[in-house]
Every structure is written in structure tokens, then in C-alpha cells.
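Note that my numbering gives residue 84 to position 81 of the sequence shown, counting from 1, and the numbers run on in steps of one.
All C-beta atoms, glycine included, are put in the ideal place defined by N, C-alpha and C.
Keep in mind that this is a model prediction, so the values were computed, not measured.
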Amino acid sequence: MLGELGTASLAAGLACATLTALLWLRVAMFAAPARPARLGATATLAAAVACCAVLETALLRHDFSVWFVAQNGGRQVPLYYAVTSLWSALDGSLLLWLLVLGGYGALLARRRYPARLHAYAMVVVSAVTMFFFALSRFAANPFRPVDPVPADGPGPNPLLQQHPAMGVHPPLLYAGYLGLVVPFALALAAPLAGPEGRGWLRLARPWALAAWAALTAGIGLGAWWSYAVLGWGGYWAWDPVENASLLPWLTATAFLHTALRRAAGRTAWNTTLATASFILVLVGTFLTRSGAVTSVHAFTDSPLGPMLLGFVLLTVVVSTVATGRRTARPARRAAPVLSRPTAVLVNGVLLVTIAAVVLVGTVFPLLSAPLGVRAAVGPAYYQRTAVPLAIVVLLLAGVVPALRDRARGLRRLAVPGGAALATVALVGLFSRPGLPALTAFGAAAFVLAGLAGQLVDRLRAGNRLVGVAGLVAHAGIALVAVGVAGSSAYGRDTEGTVHTGETLRVAGVSVRLDGVDRAADGGGGMTVRARLRLTEADGAQRTVTPALRYHPARDATVTVPAIETGPLRDTYVTLIAVAADSGSATVRLAVNPLVGLLWAGGALTATGGLVAAVVAARARRRPSPPAADRRRPSEQAADRRPPPVPAGPGVPG
Numbered sequence: 004m005l006g007e008l009g010t011a012s013l014a015a016g017l018a019c020a021t022l023t024a025l026l027w028l029r030v031a032m033f034a035a036p037a038r039p040a041r042l043g044a045t046a047t048l049a050a051a052v053a054c055c056a057v058l059e060t061a062l063l064r065h066d067f068s069v070w071f072v073a074q075n076g077g078r079q080v081p082l083y084y085a086v087t088s089l090w091s092a093l094d095g096s097l098l099l100w101l102l103v104l105g106g107y108g109a110l111l112a113r114r115r116y117p118a119r120l121h122a123y124a125m126v127v128v129s130a131v132t133m134f135f136f137a138l139s140r141f142a143a144n145p146f147r148p149v150d151p152v153p154a155d156g157p158g159p160n161p162l163l164q165q166h167p168a169m170g171v172h173p174p175l176l177y178a179g180y181l182g183l184v185v186p187f188a189l190a191l192a193a194p195l196a197g198p199e200g201r202g203w204l205r206l207a208r209p210w211a212l213a214a215w216a217a218l219t220a221g222i223g224l225g226a227w228w229s230y231a232v233l234g235w236g237g238y239w240a241w242d243p244v245e246n247a248s249l250l251p252w253l254t255a256t257a258f259l260h261t262a263l264r265r266a267a268g269r270t271a272w273n274t275t276l277a278t279a280s281f282i283l284v285l286v287g288t289f290l291t292r293s294g295a296v297t298s299v300h301a302f303t304d305s306p307l308g309p310m311l312l313g314f315v316l317l318t319v320v321v322s323t324v325a326t327g328r329r330t331a332r333p334a335r336r337a338a339p340v341l342s343r344p345t346a347v348l349v350n351g352v353l354l355v356t357i358a359a360v361v362l363v364g365t366v367f368p369l370l371s372a373p374l375g376v377r378a379a380v381g382p383a384y385y386q387r388t389a390v391p392l393a394i395v396v397l398l399l400a401g402v403v404p405a406l407r408d409r410a411r412g413l414r415r416l417a418v419p420g421g422a423a424l425a426t427v428a429l430v431g432l433f434s435r436p437g438l439p440a441l442t443a444f445g446a447a448a449f450v451l452a453g454l455a456g457q458l459v460d461r462l463r464a465g466n467r468l469v470g471v472a473g474l475v476a477h478a479g480i481a482l483v484a485v486g487v488a489g490s491s492a493y494g495r496d497t498e499g500t501v502h503t504g505e506t507l508r509v510a511g512v513s514v515r516l517d518g519v520d521r522a523a524d525g526g527g528g529m530t531v532r533a534r535l536r537l538t539e540a541d542g543a544q545r546t547v548t549p550a551l552r553y554h555p556a557r558d559a560t561v562t563v564p565a566i567e568t569g570p571l572r573d574t575y576v577t578l579i580a581v582a583a584d585s586g587s588a589t590v591r592l593a594v595n596p597l598v599g600l601l602w603a604g605g606a607l608t609a610t611g612g613l614v615a616a617v618v619a620a621r622a623r624r625r626p627s628p629p630a631a632d633r634r635r636p637s638e639q640a641a642d643r644r645p646p647p648v649p650a651g652p653g654v655p656g
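Right, here's the structure in full:
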């Protein structure tokens with residue numbers, strides 16, 4: 004019964020999305036009333052809600068006649084993980100994808116934008132929704148029947164039951180991915196809407212900020228999950244699926260910077276970034292859901308690969324054709340070399356270059372495989388190419404604000420420059436972290452000192468809220484850079500087999516094996532814990548119990564590391580293997596400095612982006628400022644007018 008109801012909901016969603024696209028096309032071409040089209044968008048969302056509700060009901064009722072439940076449900080699964088198992092595998096995760104996409108479509112449908120621009124944008128969003136409904140209905144239907152019906156299921160992947168972040172990480176990531184469909188749709192709609200499309204960039208910016216904030220939070224939670232669950236002690240491995248989430252984040256960051264009022268005006272550049280961001284979302288979807296790459300984050304082999312690849316190619320062609328039809332505009336006067344618009348443009352180019360480098364490294368093994376060449380692109384490639392460019396981008400994040408007023412720009416850089424030099428000198432004198440880390444520390448000090456100066460200026464001006472979101476986001480990025488550089492340069496680890504009473508040491512920290520405990524779990528599983536006496540460098544002692552947990556339903560063993568978090572560093576202990584007689588254990592001991600700054604910086608960055616999105620949405624409802632207020636400070640100074648306080652929030656990057 005539930006299976007048939009779910010399949011009917013998918014069919015209804017496909018019909019509603021198709022009808023909605025046609026109704027919005029009618030609005031765009033014939034100025035028809037928009038109310039039926041809005042109702043269609045609401046009906047499409049209702050169908051997506053129904054699909055998710057039916058599958059959740061089947062999971063909670065343990066209806067193993069439904070294929071997805073038989074493959075991913077289980078009677079012994081805790082309630083929280085039973086609910087979140089909806090997105091634990093390919094077919095169910097597509098329903099969450101449809102729910103988020105339908106939500107964005109319904110929200111956009113209710114906006115009061117210029118009629119033709121709005122209608123054409125909704126045609127694009129509805130067409131994308133129609134494709135994913137068709138994909139789920141015909142190629143990845145989670146409601147197909149099972150015969151014979153099993154008595155129980157294996158539950159979701161054990162790795163997804165080890166940390167509560169997995170209940171939040173995919174929804175946030177999808178909210179970030181699919182939020183980029185709105186700037187994409189507005190960019191495609193602008194040339195079709197004629198004069199009504201000229202203001203698309205201002206309309207797209209709040210959507211892009213909200214999507215960017217969600218994507219930032221999703222990436223951060225994914226790194227936290229990797230660090231806390233996988234047992235290897237790291238948070239980013241340049242895995243293809245990790246890279247797939249980074250790619251649209253980079254181009255969306257570039258788009259947000261070029262969408263600034265004083266940097267805007269490069270129509271082709273803004274359009275390219277808006278369309279490229281969503282196309283990269285589709286590329287990431289192909290990598291994740293086609294089985295084209297091997298990753299702990301990816302879904303298994305599926306029949307979706309050719310359909311997704313075809314849709315990516317179709318989207319590229321349509322975007323190129325649609326955005327290439329633009330009316331000529333008067334040439335803009337070239338900005339001076341030492342100016343904020345130029346620096347923002349350079350920053351955007353660097354971000355796109357990093358995205359290109361990461362994309363090449365990600366897809367190169369796929370492209371080389373048909374030629375009979377086994378190629379692997381490891382972390383060393385990214386560290387030699389992407390990381391230096393990222394440090395330059397970080398430095399520019401500190402330079403750009405100082406160029407608001409070119410007359411005082413160089414003087415405003417004196418204090419941040421001094422802070423950077425002092426940081427490099429002190430860190431290099433006492434620790435020798437290596438050139439990449441030393442450069443990152445200096446760049447972060449440069450940015451943080453500059454942000455502190457901007458905050459003081461705003462407080463003195465009595466305008467405490469203007470641009471604060473941008474300051475928070477940039478400060479978060481700087482903290483992330485310090486965390487990455489510190490954990491990479493100063494992290495130490497060792498691995499060894501220790502017998503009861505023996506000790507393993509690294510970086511002033513030691514663990515002594517006191518014993519091994521075995522305990523049977525429900526359903527025939529087994530948990531093996533090592534009792535280890537951890538002694539910190541300051542002499543503090545405590546007992547830690549890393550474990551290995553065997554799940555017979557999946558025939559999988561997962562590690563459960565013990566992580567002791569301190570103010571400046573984490574102590575990370577992983578149990579790798581245990582002797583049959585429980586007399587010895589193989590243990591990995593790692594000391595990871597400054598990792599906490601990663602999580603704090605990521606939270607600040609996402610918060611700054613979210614606040615900027617709210618402020619930008621409110622600013623959009625206000626009338627545009629006079630043209631005189633949008634001129635560069637140097638032009639205003641020529642008229643003997645004091646430069647105005649910058650309007651609108653700063654953009655994170």
C-alpha cells in the first residue's frame with residue numbers, strides 16, 4: 004500500500020512540475036495571470052512532501068515490502084537514525100533533494116519580481132524539478148516492491164549511525180546546492196526578459212548568500228563528521244566527493260564578490276559565475292550518484308550516470324545559448340589598477356582558477372581511464388596548486404576593504420602589514436612550521452588585523468551593523484586558515500602494537516594499554532574497546548576507550564575513535580586492531596593542534612553569510628540609492644563630498 008502511494012506521489016510530482024513549467028512559460032510569453040502557475044509550484048512542493056512522508060512512514064513502520072526500507076531500514080535502528088536513513092542511500096536521498104528543490108521553487112514563485120524575469124526564472128526552476136522527478140520516478144524509485152518480503156533489514160550504513168551530524172549535514176548541503184538554482188535561473192531569465200532583466204543581480208544576491216551560508220555549514224559539518232567518525236584523524240582528504248562540494252562553493256564565493264554594488268557591472272562575468280555555480284552542482288551530483296568515483300562519501304553504482312551526464316551537457320548548452328544573447332551595453336570606464344573593483348575582480352579570477360585546478364584533479368582519473376591509463380591525483384597535487392592560490396585569495400580579502408578609499412589605502416594597510424610581519428617573525432623564530440604554514444599564519448594575521456581596524460571605524464561612525472556580517476565571515480575564513488595551517492604543520496602521530504602495560508608516545512603525550520573489553524551488542528554485533536591510560540604533556544591523566552564495532556547486518560566494522568579536546572589541541576586515539584587473545588592492540592595516537600579553530604571559523608563564516616543574506620533581502624525591498632552614492636570614493640572626493648558609509652552588508656569570502 005505505501006509503495007503504491009509513494010509511486011503515485013512521484014508521478015503526481017512529475018505531472019505538477021511539468022504543468023508548472025508550462026504555466027510559467029504561458030505567463031512569460033502571453034502575460035497570463037500568474038496565480039495558476041503559483042498554485043502549480045505549491046502543488047509540486049506538496050507532492051515532494053508526500054513522497055518524503057510516505058517513505059518516512061514506511062521506515063518507521065518497518066514496511067519491508069518497500070525496496071528502500073528492505074535495503075536501509077531495520078527493527079534495531081534507533082529512532083533518530085531511522086528518520087535520517089531517508090537520505091542514507093541514493094534513492095531516498097533523491098526525495099530529500101526533491102523536497103528542498105520544491106521548497107525553493109515554491110518560495111521563488113511567491114516573490115514579487117518583474118513579471119517576465121520572474122516567469123522565465125520559474126520556467127528554469129520548474130524544468131530542473133521536472134528532470135529530478137523523472138529521474139526518481141523512472142530510474143531510482145525507492146518505492147518499488149520487494150518479493151519475497153524480508154523479516155528485517157540491515158539498517159543504514161553503520162558509518163552514518165556514529166555521529167548525529169549526519170542527520171543535519173545532508174539537508175544543509177542540499178539547501179546550499181539547490182539554493183544556487185535561483186541565481187542560475189535569474190541569470191538565464193535576464194536576457195529573455197529584456198529590460199525587466201536588468202535588475203536580476205540585485206534579486207539574486209540574497210538567494211546566493213543564503214545558499215552559500217548553507218553550503219558552508221554543510222561542508223563544515225561534513226568535515227567534522229569525517230574527523231569524528233572515520234578514525235583517520237583528518238578532516239579533508241581532497242576526496243572527489245569532498246571536492247564536488249568545494250567547487251560550487253568557490254564559484255559562488257566569486258559570484259558574491261562580483262555582485263557587490265561597486266564591483267557589479269561586468270554582466271557576462273556575473274552571469275558566467277551564477278550559471279557555473281549550479282552547473283558544478285550538477286557535476287557534483289553526477290560524481291556522487293553515478294558510481295563514477297570511489298569514495299566513502301559517494302553512493303554505490305547506479306543507473307543514473309548517463310542521465311545525469313546528459314542533463315549536465317544539456318544545461319551547459321542551454322546556458323551558453325541563453326546567456327550569449329545579450330544586448331550591447333556602453334563600455335564601462337576601466338577601473339584603476341589600485342582600486343577595490345580591480346581587486347575584487349582579481350579575487351574572483353583566483354577563486355575560479357582554484358575551482359578549475361580542483362576540477363581538473365577530480366575528473367582527470369575519470370578521463371584517463373578510457374585511455375587505459377591508471378592515474379591517481381593525490382593531496383600533493385592540491386597542496387602544490389590550490390593551496391598557494393588560496394593563500395593569495397586570503398591576502399586579497401585583507402587588501403580589498405582598505406581600497407575603499409584609495410587616498411588612504413596604503414596607510415590603512417600599514418597596521419595589518421605590521422601584524423603579518425610580526426606574526427611571521429615570531430612563529431618562524433620559535434617553531435619552524437614550514438613556508439606554506441608560515442605564509443598562511445601571516446596572511447591570517449593580516450586579514451584579522453585589517454578586520455579589527457574596520458570594526459573600529461564602524462563603531463566610531465556610530466553605524467554598528469553596517470558590514471558586520473562581512474567582517475564576521477572574513478574573520479571565520481581567517482580562523483579556518485589558521486586551523487588548517489596549524490594542524491598540518493604541527494600535527495604529530497604514531498602507530499604501533501602495544502601489549503598490556505606497554506606505552507605508546509608522541510609529542511609529549513602517551514597512552515598505556517590497561518586491557519581490552521569485548522561486549523556483544525543486540526542483533527549479533529560485537530564491540531571491542533581498548534582501555535588506555537592517556538597522559539597529557541602537563542601530566543594530567545584520564546582513561547580513554549577507543550573501540551571497534553562490528554555490524555553483522557552489513558558485515559562491516561567501524562572505528563569509534565576517542566577524541567580529547569583541549570583549548571589548543573586535540574588528542575586523537577584510534578583502535579586499529581586487537582589480538583585474538585586480547586593481550587595486545589594496535590593503536591594510532593595523534594596530536595592535532597588548533598583543530599578547534601576550524602569548527603569555530605566555519606561556524607563564524609556560515610553565520611556571517613546567513614546574516615548578510617537577511618540584510619541583503621531587507622535592502623532589496625528598499626529603493627535603490629541614487630547614482631551619486633554608488634560612485635567610487637575618489638570620484639566623490641573630486642566633488643568635495645565625504646565618502647559615504649558603505650551600504651549593504653559585506654560579502655563573505
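Query	Result
Beta carbon of Ser-598 nearer than 9 angstroms to that of Ala-510	Per the sequence presented here, residue 598 reads as Val, with Ser not at that position. Result no, Cβ atoms of Val-598 and Ala-510 do not sit closer than 9 angstroms.
In DSSP terms, what Gly-499 is bridged to	Val-590
Every unbroken beta strand (DSSP E) inside the stretch 524-557 [3 residues or more]	529-538, 544-547 and 550-554
Buried versus exposed, by CB contacts within 10 Å (16 or more), Tyr-238	buried
Own chain partners of Leu-13 with C-beta closer than 8 angstroms, once the 5 adjacent residues on each side are dropped	Ala-50, Cys-54, Phe-136, Ser-139, Arg-140, Asn-144 and Phe-146
Supposed close pair Gly-456, Ala-423 - CB separation, criterion 8 angstroms	Incorrect: roughly 13 angstroms between the Cβ atoms, too far for contact.
Sequence-distant residues of its chain with Cβ nearer than 8 angstroms to Ala-73 (five each side left out)	Phe-67, Val-149, Val-152, Pro-153 and Gly-156
Residues that Glu-567 bridges to, as DSSP identifies them	Thr-574
Residues of its chain near Ala-15, where Cβ-Cβ distance is below 6 angstroms and the 5 sequence neighbours each way are ignored	Ala-50
Neighbour-count burial assignment, Ala-334, 16 or more Cβ in a 10 Å radius	Note that Ala-334 has pLDDT 49, beneath the 50 cutoff, so the model's placement of it is unreliable and no number is given.
Spatial distance of Gly-586 from Val-563 (CA atoms)	20 angstroms
Anticipated Cβ contact below 8 angstroms, Gly-182 with Trp-210, distance rounded	6 angstroms
Arg-119: first and last residue of the uninterrupted alpha helix (DSSP H) it sits in	118-141
Nearest-angstrom Cα separation, counted from Thr-560 out to Gln-165	12 angstroms
Cβ pair Ala-192, Val-127 closer than 9 angstroms	yes
Rounded straight-line distance, which links the Cα of Ala-207 to that of Tyr-116	11 angstroms
Asn-350 - DSSP class collapsed to helix/strand/coil	helix
Residues bridged to Asn-246 (per DSSP)	Answer by DSSP bridge pairing: none, since Asn-246 is not bridged.
Boundaries (first-last residue) of the alpha helix (DSSP H) holding Arg-292	270-292
Simplified DSSP assignment, three categories, for Gly-16	helix
Residues bridged to Gly-518 (per DSSP)	Arg-534
Own chain partners of Ala-631 with C-beta closer than 6 angstroms, once the 5 adjacent residues on each side are dropped	The predicted position of Ala-631 is uncertain, since its pLDDT is 40 and thus under 50; a value taken from the coordinates is nonetheless stated next. Correct list: empty, nothing qualifies.
Straight-line gap, Ala-40 to Thr-530 (C-alpha atoms, nearest Å)	55 angstroms
Top-ranked residue by Cα proximity to Asn-160, from Leu-189, Leu-233, Leu-98 and Ala-214	Leu-233
contact_flag[the stretch 304-320, the stretch 213-227] where n(CB pairs < 8 angstroms) is 3 or more	no
Cα-Cα separation between Leu-438 and Leu-354, rounded to whole angstroms	22 angstroms
Reduced DSSP secondary structure (H/G/I, E/B, other) of Leu-507	strand
One or two residues paired with Pro-596 in a DSSP bridge	Arg-572
Integer Cβ distance of Ala-476 from Ala-615, believed to fall under 8 angstroms	7 angstroms
Ala-51: first and last residue of the uninterrupted alpha helix (DSSP H) it sits in	38-63
Nearest-angstrom Cα separation, counted from Trp-90 out to Ala-379	29 angstroms
Cutoff 9 angstroms: Arg-205 Cβ touching any chain B Cβ	As a matter of chain content, chain B is missing from the structure shown, which is built from one protein chain.
Member of Thr-589, Phe-367 and Thr-326 whose CA lies at the smallest distance from the CA of Gly-200	Thr-326
Residue range of the unbroken alpha helix (DSSP H) whose run includes Gln-386	382-402
Given 8 angstroms, three or more beta-carbon pairs between the stretch 76-88 and the stretch 101-120	no
Collapsed DSSP secondary structure at Val-512 in the structure displayed	strand
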